[in-house]
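What the sequence shown shows, in my numbering, is residues 1 to 507, in sequence order. A virtual CB, placed ideally from N, CA and C, is assigned to each residue, including glycine. First comes the structure, then the notes that go with it.
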Amino acid sequence: MNLEQEDIRARWEPERLQHISAVAHAAAKGRTEGFSSENAGEFAKKAVLEWIQENPFPRSPNFHSAMECALRIPVFFSCIKTFPMEKDELEAVLESAYQHAWFVSKNLSLYSSLGNHTIAEAVGLVFAGVIFRDLSEGIPWLRTGVELLKREATHQILDDGGPCEQSFSYHRFVLDLYWMAIDFLKKNRVESCEEIEEINDRLMKGERFLAVCSEQDGMLPRIGDGDNGHAVAPGVHPKRPVVQRTTNRLQIFEQSGYSVVHFKVGTKVIFDHGPLGMAPFYNHGHADALSIILSKNGKELLVDPGTYRYNGVPEYRRYFKGTRAHNTVTIDGLDQAVQETSFIWSRPYRAVLEKAEESDGEILLKASHDGYSRLKQPVIHKRALMTVGEEGLIVKDVFLGTGVHTFELNFHLHPEASFKDEDGWLALEDHGEKIFLKLMGKHEFRFAEGEEAPIFGWYSPTYGIKFKSGVLSCQVEGAPSDVSFLTAIGVTHPLDSALIRRKGNLL
Numbered sequence: 001m002n003l004e005q006e007d008i009r010a011r012w013e014p015e016r017l018q019h020i021s022a023v024a025h026a027a028a029k030g031r032t033e034g035f036s037s038e039n040a041g042e043f044a045k046k047a048v049l050e051w052i053q054e055n056p057f058p059r060s061p062n063f064h065s066a067m068e069c070a071l072r073i074p075v076f077f078s079c080i081k082t083f084p085m086e087k088d089e090l091e092a093v094l095e096s097a098y099q100h101a102w103f104v105s106k107n108l109s110l111y112s113s114l115g116n117h118t119i120a121e122a123v124g125l126v127f128a129g130v131i132f133r134d135l136s137e138g139i140p141w142l143r144t145g146v147e148l149l150k151r152e153a154t155h156q157i158l159d160d161g162g163p164c165e166q167s168f169s170y171h172r173f174v175l176d177l178y179w180m181a182i183d184f185l186k187k188n189r190v191e192s193c194e195e196i197e198e199i200n201d202r203l204m205k206g207e208r209f210l211a212v213c214s215e216q217d218g219m220l221p222r223i224g225d226g227d228n229g230h231a232v233a234p235g236v237h238p239k240r241p242v243v244q245r246t247t248n249r250l251q252i253f254e255q256s257g258y259s260v261v262h263f264k265v266g267t268k269v270i271f272d273h274g275p276l277g278m279a280p281f282y283n284h285g286h287a288d289a290l291s292i293i294l295s296k297n298g299k300e301l302l303v304d305p306g307t308y309r310y311n312g313v314p315e316y317r318r319y320f321k322g323t324r325a326h327n328t329v330t331i332d333g334l335d336q337a338v339q340e341t342s343f344i345w346s347r348p349y350r351a352v353l354e355k356a357e358e359s360d361g362e363i364l365l366k367a368s369h370d371g372y373s374r375l376k377q378p379v380i381h382k383r384a385l386m387t388v389g390e391e392g393l394i395v396k397d398v399f400l401g402t403g404v405h406t407f408e409l410n411f412h413l414h415p416e417a418s419f420k421d422e423d424g425w426l427a428l429e430d431h432g433e434k435i436f437l438k439l440m441g442k443h444e445f446r447f448a449e450g451e452e453a454p455i456f457g458w459y460s461p462t463y464g465i466k467f468k469s470g471v472l473s474c475q476v477e478g479a480p481s482d483v484s485f486l487t488a489i490g491v492t493h494p495l496d497s498a499l500i501r502r503k504g505n506l507l
C-alpha cells in the first residue's frame with residue numbers, strides 16, 4: 001500500500017509567492033548575485049503578473065484559504081514598491097491585492113479557529129488597509145487588522161512568553177508576523193503603529209522565551225507542529241530586536257509549561273510539563289506531556305522527532321504527533337489524549353509542575369499528567385528530574401492507579417547520533433558531543449529504528465522530510481504501583497551507581 005498521497009501544502013507553499021519577496025529584498029539591497037537588479041526585478045514582476053493571470057478570483061484553488069491569501073498581500077506590496085511597472089501592470093497587481101483583502105476580511109479565522117492563521121490574516125489586512133487607505137474599505141481593514149493583533153497578543157503569547165499553541169515553530173512565525181506589521185506601519189507613518197507598540201513588552205517576552213529554548217545558531221526544538229512557514233520569505237526575516245541568550249541554571253516558564261536546565265559543559269535539558277495546546281481543538285499540539293529533550297553544545301542527542309507532514313500520510317501524521325514519538329512513557333499503546341482528526345484532539349490532559357527546588361547546586365523538578373485517567377482502570381504518570389551537580393541528572397517515572405497495564409519508556413535519538421556500550425552505559429555521541437545513559441534496575445532498553453508496522457523510530461528535520469532514527473525503548477507490564485523507571489544521564493561521564501540509587505530512592 002502506498003502511504004504517500006498528495007499534500008496540499010506542496011501547492012500552497014510556492015503559491016504564497018514569497019520567493020518574490022526574497023527577490024525584492026535582494027534587489028533593494030543590491031544583492032542579486034549574477035543578475036542585475038533590473039533583470040531580477042523584471043523576473044519577479046513577470047512571475048507575479050503571470051500568477052495573477054493564471055489564478056482568476058475567486059475560481060482558483062488558491063482562494064480557498066484566507067491565511068494563504070493574507071500572506072500574498074505583503075508580497076504584492078513589495079512588488080509594487082520595488083519594481084517599476086506600467087500602468088496596466090500596476091492596476092493588475094492592485095486589483096489582485098484588493099481581491100485578496102476582500103476575501104480575507106470575509107473569511108477570518110475567529111472563535112474556535114483562532115491561532116497563527118488569525119495573526120497572518122490580521123497582518124494581511126494591515127497591509128491592505130494602508131495600500132487602500134483612500135478607499136472606503138481601507139480604514140476598516142486596517143482597524144480590523146490592528147485590533148486583532150492587539151487582542152491576540154495576550155492570547156497567543158502567554159504571560160511567560162511561551163506559545164499558547166504549544167508549537168515553537170509557529171511561535172517564531174507569529175512573532176515575525178508581528179514584527180513585520182510593526183515595521184511596515186512605522187515606515188509608512190501610520191498612527192496605528194503606536195497602538196500595536198503597546199504590546200511590545202509581550203513580543204519581547206516571546207523573544208526571550210525562544211532565546212532561552214533555542215540553540216546558539218538560533219535553531220529551535222521541534223516541539224509541537226511545524227511547517228517551516230515564514231512571515232517574509234525563506235532566509236529573510238523582518239526587522240526584530242536582538243535578545244541576549246541567557247543560560248541561567250534553571251529557568252521555568254510556568255504558563256507554557258517548560259523548565260530549562262543548563263549545565264556548565266553546554267548541556268541543555270528542556271522538560272515539558274505544559275498543556276496539550278490551544279483550546280478547544282489543540283490543533284498544533286503533540287501528546288508530549290513530561291517529555292524531555294537534551295542537547296550538548298548545539299548538538300541534539302535526545303530529540304523531539306518533529307512533524308513530517310499534515311496531509312496524505314495519516315499513519316505518519318498520527319505517529320509524529322502521538323505519545324510514542326516523544327521521550328516520555330506511553331501506557332497501553334495509547335496517546336495521552338485522543339486524536340480525532342489530523343488536527344483535532346479530544347480528552348486533553350492536564351499536566352502540572354508539582355515541585356521545583358534549587359539548592360546546594362542541585363535542581364529537583366516533579367511533574368505529573370492525567371492523560372491516562374480516562375482509561376477504564378485509570379493511571380496517573382509522575383516524573384521527577386534531579387540533577388547530580390554538574391555531572392548529569394536522574395529521571396524517575398512512577399505511576400498511580402489500578403489494573404494491569406503496559407508501560408513503554410522511550411528516548412528518541414538524533415539520526416546522526418551514534419551509540420555504543422561502555423561498561424554498561426550507553427554512550428551517545430553526535431559530532432564529538434557525548435553523553436552517557438543507563439536504565440537502572442532489571443529492565444533493559446531495546447533499540448528500534450525505522451519500523452513501519454507499527455510506525456516507530458522516525459525523525460523529521462523539516463516539513464515533508466523524514467529519516468530513520470534510533471529509539472531506546474523499554475516495555476514493562478504490571479500494576480502501576482509495581483512499575484517504575486529510573487534513568488541516569490551523565491553529561492560528561494558515567495555517574496556513580498550507588499549515588500544514582502541513593503538519589504533515586506529520594507524521588
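Span separating the alpha-carbon of residue i from that of residue j
{"i": "ASP430", "j": "TRP141", "result": "50 angstroms"}
{"i": "LEU149", "j": "LEU393", "result": "42 angstroms"}
{"i": "PRO61", "j": "ASP288", "result": "35 angstroms"}
{"i": "ILE455", "j": "SER368", "result": "27 angstroms"}
{"i": "SER291", "j": "CYS213", "result": "15 angstroms"}
{"i": "PHE411", "j": "MET386", "result": "17 angstroms"}
{"i": "ALA122", "j": "THR144", "result": "7 angstroms"}
{"i": "GLU433", "j": "LEU250", "result": "22 angstroms"}
{"i": "PRO480", "j": "ASP225", "result": "31 angstroms"}
{"i": "VAL388", "j": "PRO14", "result": "49 angstroms"}
{"i": "HIS278", "j": "HIS284", "result": "Residue identity differs from the one stated: residue 278 is Met in this sequence, not His. When rounded, the distance between both Cα atoms is 8 angstroms."}
{"i": "MET1", "j": "THR246", "result": "Low local confidence applies: a pLDDT of 35 at MET1 is under 50, so the model's placement there is unreliable, with the coordinate-based value given in what follows. C-alpha separation (whole angstroms): 49 angstroms."}
{"i": "ASP217", "j": "GLN166", "result": "22 angstroms"}
{"i": "LYS321", "j": "HIS286", "result": "5 angstroms"}
{"i": "ALA128", "j": "HIS230", "result": "19 angstroms"}
{"i": "GLN5", "j": "LYS299", "result": "33 angstroms"}
Same chain, Cβ closer than 6 angstroms to residue i, five either side skipped, listed in chain order
{"i": "ASN228", "result": "THR462 and TYR463"}
{"i": "LEU409", "result": "VAL329, CYS474 and PHE485"}
{"i": "THR492", "result": "VAL265"}
{"i": "PHE253", "result": "ASP160 and GLY162"}
{"i": "PHE436", "result": "TRP425, ALA427, GLY490 and PRO494"}
{"i": "GLY403", "result": "GLN377"}
{"i": "GLY124", "result": "ALA70, ILE73 and VAL104"}
{"i": "ASP7", "result": "ARG309, ASN311 and GLY312"}
For residue i, the three-state DSSP class (helix, strand or coil)
{"i": "LEU428", "result": "strand"}
{"i": "SER214", "result": "coil"}
{"i": "ILE182", "result": "helix"}
{"i": "LYS264", "result": "coil"}
{"i": "MET386", "result": "strand"}
{"i": "GLY274", "result": "coil"}
{"i": "LYS442", "result": "coil"}
{"i": "GLY504", "result": "helix"}
{"i": "MET1", "result": "Caution applies to MET1, whose pLDDT of 35 falls short of 50 and renders its modelled position unreliable; the model cannot decide the point."}
{"i": "GLU121", "result": "helix"}
Closest by C-alpha distance to residue i, when choosing among the options
{"i": "PHE132", "options": "GLY115, LEU149, TRP102 and ASN107", "result": "TRP102"}
{"i": "PHE83", "options": "LYS46, ILE52 and ALA97", "result": "LYS46"}
{"i": "ASP160", "options": "SER259, PRO221, VAL242 and VAL104", "result": "SER259"}
{"i": "ARG11", "options": "GLN53, ARG59, SER21 and GLU68", "result": "GLU68"}
{"i": "GLY306", "options": "LYS296, LEU413 and ARG347", "result": "LEU413"}
{"i": "TRP425", "options": "GLU358, GLU354, SER497 and VAL398", "result": "SER497"}
{"i": "HIS443", "options": "ASP183, GLU477 and GLU416", "result": "GLU477"}
{"i": "VAL75", "options": "MET180, LYS396 and GLU6", "result": "MET180"}
{"i": "ILE488", "options": "SER460, PHE445 and PRO480", "result": "Residue identity check: residue 488 is Ala in the sequence provided, not Ile. It is PHE445."}
{"i": "PRO56", "options": "ASP88, PHE77 and ALA92", "result": "ALA92"}
{"i": "ILE196", "options": "THR154, CYS79, ALA453 and SER346", "result": "THR154"}
{"i": "LEU302", "options": "ASN327, LYS205, ILE52 and LEU108", "result": "ASN327"}
{"i": "GLU340", "options": "GLY371, PHE281 and GLU362", "result": "PHE281"}
{"i": "PHE447", "options": "MET440, GLY441, LYS420 and ALA453", "result": "LYS420"}
Neighbourhood of residue i by C-beta distance below 7 angstroms, restricted to the same chain and skipping five residues each side
{"i": "GLU50", "result": "none"}
{"i": "ILE293", "result": "PRO221, ILE270, LEU302, VAL303, ASP304 and ASN327"}
Residues near residue i by beta carbon distance below 8 angstroms, same chain, minus five either side
{"i": "GLU207", "result": "GLY161, LEU175, ARG240, PRO241 and VAL243"}
{"i": "TYR316", "result": "LEU3, TYR308, ARG309, ILE455, TRP458 and LYS466"}
{"i": "ALA40", "result": "VAL23, ALA26, ALA27 and THR32"}
{"i": "LEU110", "result": "THR118"}
{"i": "LYS468", "result": "PRO415, GLU449, GLY450, GLY457, TRP458 and TYR459"}
Next item on the list: Let me know the alpha helix (DSSP H) ranges lying completely inside the segment 9–88, each 4 residues or longer, listed in chain order.
Entry: The qualifying runs are 9–15, 18–29, 37–54 and 66–82.
Notebook entry, point to check: What residue ranges within the segment 300–378 form continuous beta strand (DSSP E) runs of no fewer than 3 residues, ordered along the chain?
Noted result: DSSP runs (the beta strand (DSSP E)) wholly in the segment 300–378: 329–331, 351–359 and 362–369.
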